[in-house]
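Residue numbering for the sequence shown follows this note's numbering, starting at 43 and increasing by one per position. Every residue, glycine too, gets a C-beta built ideally from N, C-alpha and C. This report refers to the structure that appears directly beneath it.
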Amino acid sequence: MDSQLTYIGWNSFSYTLINTLFLPKKLKTLYQGCIEYTEIESFTIHPENTELRIENSIVISKDNITILYPTKLTGNVNIPYGTLRIGSSSFSMCKITSINIPNTVRTIGTYVFYRTPISEVVIPDSVTDIGSYAFCTNYLKKVTLSKNITILHEACFSGAQITEIEIPPNVEQIDNWCFTGYKLTVVYLPDTVKLLNGKVFDDNVEIKFGNNSNLYINQDFLILNKQNTTVIQYLGPNKNSKIPIPSTVTTIGKNAFRNKTNLAEITFQPDSQLEVIGESAFYNCISMVFTGLPQTVKTINKYAFYQCNKLQSIRFPSVTSIGKNAFHYCIGLTSADIQLSSVDTLDDYTFIGCKLLPSINLPRNLKNLGIGVFHSCTNLNKVLFPSTLIFIKESCFQNCALNNVDLSQCVNLHEIPDRCFYNNANLQSITFPPSINTFGISSLSMTGITSFNVTSTVNTISTKTFDGCQSLTEFIINQDSVLTPSGLGVDVFRNCPKLRNIVCLSQNFHVITSALFTPDDTILIIFPPASHVSSFGLPGTVRTIGEGAFSFCYNLQSIFIPSDSLTSISARAFEGCTSHSWINIPICVRNIGNNAFKDCSSLQCGVKIENSTKAFINQIVPSSGLIKQAFTSCRVQSCARGLPKTLLSYSSFVVIIII
43 MDSQLTYIGW
53 NSFSYTLINT
63 LFLPKKLKTL
73 YQGCIEYTEI
83 ESFTIHPENT
93 ELRIENSIVI
103 SKDNITILYP
113 TKLTGNVNIP
123 YGTLRIGSSS
133 FSMCKITSIN
143 IPNTVRTIGT
153 YVFYRTPISE
163 VVIPDSVTDI
173 GSYAFCTNYL
183 KKVTLSKNIT
193 ILHEACFSGA
203 QITEIEIPPN
213 VEQIDNWCFT
223 GYKLTVVYLP
233 DTVKLLNGKV
243 FDDNVEIKFG
253 NNSNLYINQD
263 FLILNKQNTT
273 VIQYLGPNKN
283 SKIPIPSTVT
293 TIGKNAFRNK
303 TNLAEITFQP
313 DSQLEVIGES
323 AFYNCISMVF
333 TGLPQTVKTI
343 NKYAFYQCNK
353 LQSIRFPSVT
363 SIGKNAFHYC
373 IGLTSADIQL
383 SSVDTLDDYT
393 FIGCKLLPSI
403 NLPRNLKNLG
413 IGVFHSCTNL
423 NKVLFPSTLI
433 FIKESCFQNC
443 ALNNVDLSQC
453 VNLHEIPDRC
463 FYNNANLQSI
473 TFPPSINTFG
483 ISSLSMTGIT
493 SFNVTSTVNT
503 ISTKTFDGCQ
513 SLTEFIINQD
523 SVLTPSGLGV
533 DVFRNCPKLR
543 NIVCLSQNFH
553 VITSALFTPD
563 DTILIIFPPA
573 SHVSSFGLPG
583 TVRTIGEGAF
593 SFCYNLQSIF
603 IPSDSLTSIS
613 ARAFEGCTSH
623 SWINIPICVR
633 NIGNNAFKDC
643 SSLQCGVKIE
653 NSTKAFINQI
663 VPSSGLIKQA
673 FTSCRVQSCA
683 RGLPKTLLSY
693 SSFVVIIII
């Protein structure tokens, strides 16, 4: 086969029904996870492929790294002698029940035997490293570890059914989740273990340390180092109790109190030296009251206080770093004082869902606001922005209660991102710096603004920027504006029922009867939804009605299109024009977009169409929103004579065309 294929990526064949995979001559790169969730029975390979080989049904690279094994094969697997590395995910989710690893193997990658039904494994002393989740399978009952391993990585034996394990004497570090989900009851840790990096064991495991170990468990069930500077894990019962933190503690480790939903209180001493709160340290401690939370804290890692419902107040003048989701759903938080801190970035979702937080003064040196930092802080009505602010990411203040925003001092801020102030219904006043050039998608949607001025630097107003601004009445493009039609997105004024006036002093657009056109009048961009104009005649220069141009113009009743003019009515052009009852479509119109007349409930008849060929009618019905009956005459029964009477005569229709 003369295939030119050189690369097969991750999940390339996942969820397919193939049972045999041929590896062509030029194939060089084969990702280990490319056949997950398949029933592969075998591999074949081009005899001239120099990058890969198949041995014992295993695909192995020329560097002696295992890559793939057929997912459907069962039984025992012998890793060939000479193999140096068992590659990540090589046997992930395969059906093998046992494995023989030769003493040439130096490393075992991540997810290697993930969810495989192996029950026992002997890891030879040649192995010096085992990757995260390597033996994460609930079938594994017995493990013999290499004596030369120094670090046991995250979750490498998580979920196994091991009842006892001997930790080799050279192990210095055991990472998060390494032995959770076990049936272990007692574990002996060698004196060489210096760090338990996170929640290593389940709470019901009895941990025994050697006499020379640097770790111990105090009377409050806290694993600490003997210097009393680090709280590693709380092993006590999840009940209504009070846990004191020694004043010498500088670090509370990763997952130290995670999911202790019933713990009532954590107390800190007035002379606490706490500086670091680890990742997910108090994650989901929904009942925990924090007494004397120290102001000495410098680092708060991600998810540190996730869903700590009773955390009411924070004051961290010394903090330098706050991780993403640090105070996620702290629904009782009413005060957050970080203005004097040296934080320059508030990471993604830092305060999302803090629904009682009423105001915040952002850090005085803040440069970056991440995604959704204050998303759904539904009581947040006041924010003080520092002049140092440079970037705001999407949805930062979505679903808040802001009523006034002053960004005027943020002279290095250039963009109001997607959904930045989305759904701040009371937000009526926003002051932007002269540096702003871009308004992202729905950036000001569903706010309470009444008027908007396009200043000289703004070049982009994206799709749905003002969607749902129920109070917006006026849109003004200043004389020195650099905004052009290409910089104005679709549906910018969707659901703005009070917008009746578009003013343009710039030469980049042309306004006729408050409708916005391109400067050459060939494209009608937008017609103000609240315009009092009920009948509108298009200029003869117009060739295109833009997407959503007349959408939700509830006063509009009739449109006249001159002959030899318009060629295209774009998608949703007249969507939601519920009073629209008459339009003529001359033969020059060649294209009518999808849903162009969607929900035009009054346009049930009387549409005057010149191209009445079956092909054209079938092209636009029903995709345009018109029904076939719309092209018939509108008739009512005359009360005087009982005879049909035409409601609207095309020949007698009077139209004023404004050029």
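- Among the bridge pairs identified by DSSP, Lys250 is matched with Tyr230.
- Residue pairing by DSSP places Gln275 opposite Ile265 in a beta bridge.
- Looking only at Asn636, Tyr391, Val575, Asn297, the smallest Cα-Cα distance to Ser665 is reached by Asn636.
- Per DSSP, Phe517 is one residue of the beta strand (DSSP E) stretching across 516 to 519.
- Pairing Leu388 with Thr341, the inter-Cα distance amounts to about 12 Å.
- The alpha-carbon separation between Ser523 and Thr480 amounts to approximately 13 Å.
- Ile165 carries a coil assignment under DSSP once its states are collapsed to helix, strand and coil.
- Taking a C-beta distance under 8 Å as the contact criterion, Ser56 and Tyr73 do not qualify as a contact pair.
- Contact fails between the stretch 158 to 170 and the stretch 98 to 110, because fewer than three Cβ pairs, one in each stretch, are under 8 Å apart.
- Taken in chain order, the complete beta strand (DSSP E) segments of 3 or more residues contained in the stretch 437 to 497 are 446 to 448, 471 to 473, 493 to 496.
- The count of Cβ pairs closer than 8 Å, one atom from the stretch 438 to 455 and one from the stretch 465 to 479, reaches three, so the stretches are in contact.
- Distance between Phe251 and Glu206, taken at the CA atoms: about 15 Å.
- A Cβ-Cβ distance of about 7 Å is found for the pair Asn239 and Ile216, placing them in contact under the 8 Å criterion.
- When secondary structure is reduced to three states using DSSP, Cys538 falls in the coil class, being assigned neither helix nor strand.
- A distance below 6 Å between beta-carbons, with the five flanking residues on each side excluded, links Thr62 to the following residues of its chain, in chain order: Ser84.
- The three-state reading of DSSP puts Ile394 in coil, since its state is none of H, G, I, E or B.
- As a beta-bridge residue in DSSP terms, Pro286 pairs with Thr309.
- If you draw a 10 Å sphere on the C-beta of Tyr156, you find 16 or more other C-beta atoms in it, and that means buried.
- DSSP links Trp624 through a beta bridge to Ser600.
- The alpha-carbon of Ser573 is positioned some 7 Å away from that of Asn543.
- Within the model, the alpha-carbon separation for Ile601 versus Phe474 is close to 38 Å.
- Residue Lys435 holds the alpha-carbon nearest to the alpha-carbon of Gly414 among Tyr111, Lys435, Lys397.
- DSSP, read as helix, strand or coil, puts Gly510 in coil.
- Within the stretch 65 to 132, not a single complete alpha helix (DSSP H) segment reaches 4 residues in length.
- In this structure, the beta-carbon distance from Thr113 to Cys136 falls below 8 Å.
- Distance from the Cα of Gln354 is smallest, within the candidate group Leu399, Ser130, Pro312, for Leu399.
- Measuring C-alpha to C-alpha distances from Asn445 to each of Leu426, Asn466, Pro459 identifies Asn466 as the nearest.
- Rounded to whole angstroms, the gap between the alpha carbons of Ile204 and Phe177 is 11 Å.
- Distance from Pro428 to Asn454 at the Cβ level is roughly 11 Å; contact not present, criterion being Cβ atoms closer than 8 Å.
- Rounded to whole angstroms, the Cβ separation of Glu589 and Ala613 is 5 Å, and the two are in contact under 8 Å.
- At the C-beta level, Glu93 and Pro122 stay beyond 8 Å of one another.
- Between Cys647 and Thr674, the beta carbon gap of about 5 Å places them in contact (Cβ cut-off 8 Å).
- Residues Val228 of the same chain have their beta carbon placed closer than 6 Å to that of Glu248, with the five preceding and five following residues left out of the count.
- Secondary structure at Lys656: helix, using DSSP grouped into helix, strand and coil.
- The C-beta of Lys241 has 16 or more other C-beta atoms within 10 Å across all chains shown, which makes the residue buried.
- Annotation: Thr158 to Pro211 spans about 28 Å, alpha carbon to alpha carbon.
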